[in-house]
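Notes follow once the structure below has been shown.
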Amino acid sequence: MKFSFLALGALPVVLSATTGSSSSSSSSAAAAPAPSSSITTTIPGSGAPTGVTSPPASSPPTVPVTLITTNPTAYPLSSIFAGAPAQPTTTLDTIYPAGASPTAVIGAPSLPDISQLNPANYPPLDKPPPTDSSLVQGWIQQVQNSGIPIPGFAPTQVGGCPTNQAAAANASSSGTCWWTCGHCSRPTDIVTCENKLTWGTSFDDGPSPYTPNLLQFLDEHSLKTTFFIVGSRAISRPQMLQTQYMDGHQLSVHTWSHTALTTQTNEAIIAEFGWTKKVIKDVTGVTPNTFRPPYGDIDDRVRAIARAMDLTPIIWTTSPSGNFTFDTNDFNIPGGTVSASQVLNNFEQIMQTAPQLNTGFIVLEHDLFQQTVDLATGYILPQALAQQPPLTLQPIIECLGKPLSDAYVETNNNSTNPPPSGSAGATGVVTLTSGAPGSIQSPTAQPASSSSGSTSSNQSSGALRLDMSPIVALGFAVFTSVAAAFVAGL
């Protein structure tokens, strides 16, 4: 089915909503001030799903949103809320057979046979992997042999910035460069695109049951994106991951368990990276050379370990003022702390700020939830495609001026895109071994690490604090609860 956008004329459409009392929310993006409005109308859509009347009485506040266009088949914002009834999902348009040759990635090996994968040979889903298996011990040794010094400061504690006062005070560029407390980034972090008005699109935490809906929209509009893959989701939905890859989208590492990385030991971080790289290669035949830290939680210790494992960090853009980041905050809709209109309000502020940059930009969205995909396909992407002056939407690797082949270890051009550790040879294969597909892990589990964070209250205007620690805690709670439902058979 082809989507066509509904042009709303010269005047913007403003969704007028009653602003409620303050609510608990967590995000890195501050919501835009309520736009001035001369028109009030209902957002066109296909109607709410059966049984949906309105969000629960305790739902977060809605705020005015200005739209220049929308998808006429979009679900109304009033039906996009925490606990909304399940909607029909889309099946994959194309299923690729084992041995198929990738056409989007030059020089890539043939597609592996996923029927040979045994999920029992991978770590438990959505938990930090054990560190005492022979495979992980080998990765640990290779990191030690890399010659890259790993800073000796300790992992952060549960509670985020408020309960890590010493670490938070030392989080600037002159200290540990802890992004969670102040948005510090290093020159080696990818946080923008090269060219002005270029958007490096990305979606985190999949693949999920709703990813095919997003893939269909992207295909119908000839768009490619970057997917940050959770290892636990990759082994749960290998066929979906193959389709994402074969369709020409960029794949990147998003850890195995989606636990905040700065709260983990060096060995646990290595296991998170190693298993995610391995499962993506086992499914697709290629190994990503980039990663995004869950919740943006990264410091110089995490950076050094990533560099030793030939992974380059990708975060998302921070505004020139430093007051907010380009995070739609869509992740928190299912948790009931953010409304759909607040997410669109955040995106509106991003669109207003992007032209002020001398570079392109990267935005954080998610394909994990029904609500986040509904917003992306019904509102956010149509809005972006209708922007004037027009935006260029690309995978992050391409918005950096590099070919898609440079996104993977096996096909990267090392002469023009040197690996972070310098460990790759002429073939592009780093020394970090991945083991045979499905290498058996040790049955001894490591205790799960807790992510840092605490909740905070925000006013009904949707203004969100700079402190990133709340999103780490709340987001991890939402992620683990939803992941449990997925494992049960969503």
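Sequence positions in the sequence shown follow mature numbering (1 follows the signal peptide of the UniProt record, and there is no 0) and run -16 to -1, 1 to 474. Ideal placement from N, C-alpha and C gives every residue a C-beta, glycine not left out. As the structure is a prediction and not an experimental result, all values here were calculated from the model.
Under the criterion of beta carbons closer than 8 Å, T160 and S186 do not qualify as touching, at roughly 25 Å.
The three-state secondary structure of E332, taken from DSSP, is helix. Taking C-beta separations shorter than 8 Å and ignoring five residues to either side along the sequence, the partners of G91 in its chain run S389, E394, T395, following chain order.
Every alpha helix (DSSP H) stretch that sits fully inside the segment 133 to 183 and reaches 4 residues is listed by chain position as 144 to 147, 149 to 153.
Counting C-beta atoms within 10 angstroms of its own C-beta, E178 has fewer than 16 neighbours from the protein chains shown and is therefore classed as exposed. A338 sits close to F345, with the two beta carbons spaced by under 8 Å.
A straight line joining the alpha-carbon of N307 with that of S63 spans about 30 Å.
Counting only the Cα atoms, P171 lies some 14 Å from I282. For T376, the enclosing beta strand (DSSP E) stretches over residues 376 to 378. The beta-carbon distance between P366 and M230, rounded to whole angstroms, is 26 Å. This is too long to meet the 8 Å contact definition. Remark: C-beta atoms of Q226 and V267 approach each other more closely than 8 Å. A residue is called buried once 16 or more other Cβ atoms fall within 10 Å of its Cβ, and A218 is buried on that count. In this chain, F212 is not harboured by any alpha helix (DSSP H); it is covered by the beta strand (DSSP E) spanning 210 to 213.
Between T75 and P193, the C-beta spacing is not below 8 Å. The Cβ atoms of L235 and P272 lie closer than 8 Å to each other.
V357: not part of any beta strand (DSSP E); member of the alpha helix (DSSP H) spanning 354 to 359, first to last residue.
For F201, the uninterrupted alpha helix (DSSP H) segment begins and ends at 195 to 204.
Secondary structure of T227 (DSSP, three-state): helix.
If you draw a straight line from the Cα of Q200 to the Cα of V347, it is about 20 Å long.
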